[in-house]
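Colleague: Supplied in structure tokens, the structure appears directly below.
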Amino acid sequence: MDKKHSHSRKKGQWLTPISITMLCGMGLVAFFIIFFYIPLGRVFHFAFANNSGMTPHSWKEVLGYSLNLRAIQFSALEAIITTVLCLILGIPIGIFLGNYNFKGRSTFLQLLTIPFVLPPIVVLLGFVIVYGDGGWINTLWNNFSGGLQGLISIYGTYTGIILAHVFYNLSVVIQFTIPAWQRLNREQKDVALSLGASHWRIFWRIQFPQMKSAILAAALLVFLYSFNSFAIVLYLGNVQLQTLEVRIYKLILVAFDYQSGAILALLQLFLNIFLIFAYLRLNRSTQNQNSGPIAQFVYKKIPWYGAHDVKRSFGFILVVIGFMIIVVFQLLPLIAVVITAFTPNNENSKPFSGFLLLFNSNYDPLLGASILRLIGNTLLFAFTAMLVTLLFTLGILLIYRRRYHTISQYKNSSLDSIFAFLIILPMATSSITLALGLFLQYKSTILYLQSPWILIIGAHILLGIPFATRTVIHAYQQIDPELIHVASTLGASNWVIFKKIEFPLIKPGLFVGALFSFAISIGEFGATYFLARGEFGTISIAISKLLSTRNMQLPASMATLLILLTLISFLLIQKIGNKTLLNKRKHLLKRDNIY
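For the sequence shown, the numbering used here begins at 26 and goes up steadily by one.
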């Protein structure tokens with residue numbers, strides 16, 4: 026009996042915590058080397074060398090070329106304008122939602138958050154339907170005024186691009202402002218009021234300095250997202266109005282100028298790294314407010330403590346009217362997409378004819394594959410990316426946990442700082458730069474020529490891992506150390522502690538990380554647009570191709586499917602986040618009662 030027991034134990038010895046951590050670590054390292062660091066090294070190679078060797082002077086020539094310089098200037102300028110407008114609109118709305126308690130406030134907040142979690146191609150389609158040359162607004166204006174010019178022009182103008190970017194990023198500022206406002210020191214305001222200070226003076230001298238870190242973090246995110254915009258600028262911009270992302274794409278796949286594209290990609294990467302680390306540094310001081318990860322505000326429901334009941338006045342009514350205008354601005358393009366999907370194109374068509382076209386083969390030559398195949402690709406890529414991201418995130422957590430328990434000066438460990446940098450670096454790498462590296466490295470191999478879907482899924486995983494990792498590690502950091510200490514004192518092994526205590530507590534964070542990666546994958550456009558060909562396209566790619574047709578019902582039907590999938594992911598994330606917050610409050614109350 027003893028021999029049998031010892032034999033089975035020896036047989037399963039490889040399933041130790043250390044061996045599992047090592048296996049996860051080796052798989053993670055291999056993936057990052059094959060899909061990220063070798064391709065990134067290829068970008069460096071093309072940026073600094075050609076057939077004649079090192080060419081450092083080419084940087085000056087490339088950056089000095091008029092169209093490249095114009096792309097750099099436009100990227101920075103439109104991002105600055107977008108950021109300023111988002112701050113001007115978002116801070117008052119955030120203060121309003123954080124300061125007043127009224128029925129339906131949480132619903133309004135969720136509605137304002139929806140645009141941020143939607144794929145950019147859906148936002149683009151909504152803007153074309155509402156603000157395009159033949160869109161709702163211009164058609165209504167022409168019918169009212171009797172003119173033919175239209176009220177708004179979104180093609181080839183700053184107006185259209187910035188309007189779309191404000192629509193997409195406004196909720197970031199709102200979501201950062203609310204918790205920052207609610208955590209203000211109320212006593213300081215009361216003292217200042219008693220001393221005769223005006224509300225405006227109190228805001229600038231007392232309240233704004235306390236909110237500054239959160240607002241700067243939000244501003245950096247808005248700038249980063251706008252600066253790296255691809256889909257919106259690709260379709261609404263022109264030769265003079267291109268972001269670096271669009272310029273890199275055209276240099277590589279249109280002009281076949283690999284060196285210039287690589288140089289611009291590295292320039293963008295260096296700037297992104299600076300912005301990401303500036304954001305992370307700012308976010309440390311507001312970590313309790315913003316819950317750590319960049320997209321964490323769609324995970325946790327913001328507690329509404331400190332809000333006042335509504336006092337109706339003329340000023341308050343004006344504020345509410347302004348707030349409702351913003352809500353309409355945020356929701357109208359999305360509503361337009363859904364309405365267009367169900368609106369018959371002519372007298373002979375039916376309300377569901379757009380969805381029936383999903384089974385029609387007439388568009389196959391344009392799309393390169395059947396629509397059902399593209400929908401299948403989207404779901405397959407997303408589920409595969411989600412599962413692999415989940416496994417890698419768990420591996421990263423095991424490595425993080427092992428070092429957390431074995432290094433006394435964990436926070437000051439340079440090795441851990443390097444590890445964190447290597448994991449976060451893909452977050453600073455734009456989707457086009459990721460795709461560029463994969464293309465340059467594997468363009469002549471069977472991997473790209475016959476199986477580009479592997480590269481596409483790899484890019485989706487790389488884009489999802491940083492978000493999922495920060496979500497899970499944040500969940501791990503919320504575990505009460507007393508639980509670990511008590512279990513260890515009672516003789517529980519490290520593995521038992523992880524399996525019985527830590528894993529059940531971080532499981533919601535793992536699910537949220539997986540859902541984030543799924544949502545990122547189904548809506549990803551830049552890397553997929555760069556790498557996909559023919560039958561390996563996705564719903565987003567199909568919508569972009571159908572924008573050139575006059576029939577908006579079919580792309581709207583496909584966009585409605587994307588909206589539905591994204592909203593389901595978003596609602597599940599919210600539900601898990603709210604349940605986690607409730608369980609945490611129950612645990613704190615129980616612990617307070619014990620002690």
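C-beta: ideal position from N, C-alpha, C; glycine also. All values reported here derive from a predicted model rather than from experimental measurement.
Buried or exposed: where does Ala55 fall if 16 or more other Cβ atoms within 10 Å of its Cβ makes it buried?
Modeller: exposed
Colleague: Any idea what DSSP makes of Ala13, helix, strand or coil?
Modeller: Summary: the structure shown does not reach residue 13, with the chain confined to residues 26 through 620, and so no result is reported for it.
Colleague: Give me the residue from Leu188, Ala407 and Gly172 with the minimum Cα distance to Ile179.
Modeller: Leu188
Colleague: Please say whether Gly157 and Asn167 have beta carbons closer to each other than 8 Å?
Modeller: The Cβ atoms of Asn167 and Gly157 do not sit closer than 8 Å to each other.
Colleague: Can the beta-carbon of Ile118 be found closer than 8 Å to that of Ile199?
Modeller: yes
Colleague: Touch check for the segment 275-291 and the segment 143-150: three-plus C-beta pairs under 8 Å?
Modeller: no
Colleague: Between the beta-carbon of Phe60 and the beta-carbon of Gly483, is there less than 8 Å?
Modeller: yes
Colleague: Considering only the alpha carbon of each residue, which of Ala303, Ser196 and Thr182 lies closest to Gly262?
Modeller: The option with the nearest alpha carbon to Gly262 is Thr182.
Colleague: Considering just the uninterrupted stretch of the alpha helix (DSSP H) at Pro144, what are its terminal residues?
Modeller: First-last for Pro144: undefined, no H or E at that position.
Colleague: Would you check if the distance between the CB atom of Leu397 and the CB atom of Leu383 is smaller than 8 Å?
Modeller: Cβ atoms of Leu397 and Leu383: closer than 8 Å.
Colleague: Taking the continuous alpha helix (DSSP H) assigned at Ile504, which residues delimit it?
Modeller: Where Ile504 is concerned, there is no enclosing alpha helix (DSSP H), given that its DSSP letter is neither H nor E.
Colleague: For Gln578, which option in Ala460, Gly151, Tyr304 and Leu412 has the closest C-alpha, if you only look at C-alpha atoms?
Modeller: Nearest to Gln578 by alpha-carbon distance, out of Ala460, Gly151, Tyr304 and Leu412, is Gly151.
Colleague: Let me make sure I understand the geometry here. Which of Phe555, Leu241 and Ser219 has the alpha-carbon closest to that of Phe201?
Modeller: Leu241
Colleague: For Gly11 versus Leu294, is the C-beta spacing smaller than 8 Å?
Modeller: Missing from the structure shown is residue 11; the chain here goes from 26 to 620 and no further.
Colleague: Hey, Val497 and Leu391: beta-carbon distance below 8 Å or not?
Modeller: no
Colleague: At which residues does the alpha helix (DSSP H) containing Pro204 begin and terminate?
Modeller: Tyr183 to Gln207
Colleague: Please return the same chain residues whose Cβ sits closer than 7 Å to the Cβ of Gly347, not counting the five positions on each side in sequence.
Modeller: none
Colleague: Could you check how far apart the C-beta atoms of Val197 and Thr107 are, in whole angstroms? I think they sit under 8 Å.
Modeller: About 11 Å; that fails the 8 Å criterion.
Colleague: Excluding five sequence neighbours on each side, which residues of the same chain lie with their C-beta closer than 6 Å to the C-beta of Leu300?
Modeller: Leu245 and Leu249
Colleague: Would Pro477 and Phe406 be called neighbours here (beta carbons separated by less than 8 Å)?
Modeller: no
Colleague: Quick test of your reading: Leu589 and Gly548, contact by CB under 8 Å. State the CB separation rounded to the nearest angstrom.
Modeller: That pair is no contact at about 12 Å.
Colleague: Straight-line CA distance for Leu535 to Phe541?
Modeller: 10 Å
Colleague: If we count the other Cβ atoms within 10 Å of its Cβ and call it buried at 16 or more, is His499 buried or exposed?
Modeller: buried
Colleague: Between Gln284 and Ser83, how many whole angstroms is the CB-CB distance? I'm expecting something under 8 Å.
Modeller: Rounded, the Cβ-Cβ distance is 6 Å, consistent with contact.
Colleague: Roughly how many angstroms separate the alpha carbons of Lys524 and Ala460, rounded to a whole number?
Modeller: 38 Å
Colleague: Quick check on Ala303: does DSSP put it in helix, strand or coil?
Modeller: helix
Colleague: Which class does Thr496 belong to by DSSP, given the choice of helix, strand or coil?
Modeller: helix
Colleague: Tell me which same chain residues have a C-beta within less than 7 Å of the C-beta of Leu134, skipping the five on either side of it?
Modeller: So the qualifying residues of the chain are Leu122.
Colleague: Quick check: what's the CA-CA separation for Gly393 versus Gly559?
Modeller: 4 Å
Colleague: With DSSP as the reference, label Asp215 as helix, strand or coil.
Modeller: helix
Colleague: Does the beta carbon of Ile186 fall short of 7 Å from some heavy atom of the ligand SAH?
Modeller: With respect to the ligand SAH, the structure shown offers nothing to examine, as it has no ligands at all.
Colleague: Whole angstroms are fine: how far does the CA of Val279 sit from the CA of Phe555?
Modeller: 11 Å
Colleague: Among Val247, Phe71 and Ile154, which one has its Cα closest to the Cα of Leu114?
Modeller: Val247
Colleague: Which residues in the same chain as Val521 place their Cβ atom closer than 8 Å to its Cβ, once the five residues preceding and following it in sequence are excluded?
Modeller: Ala512
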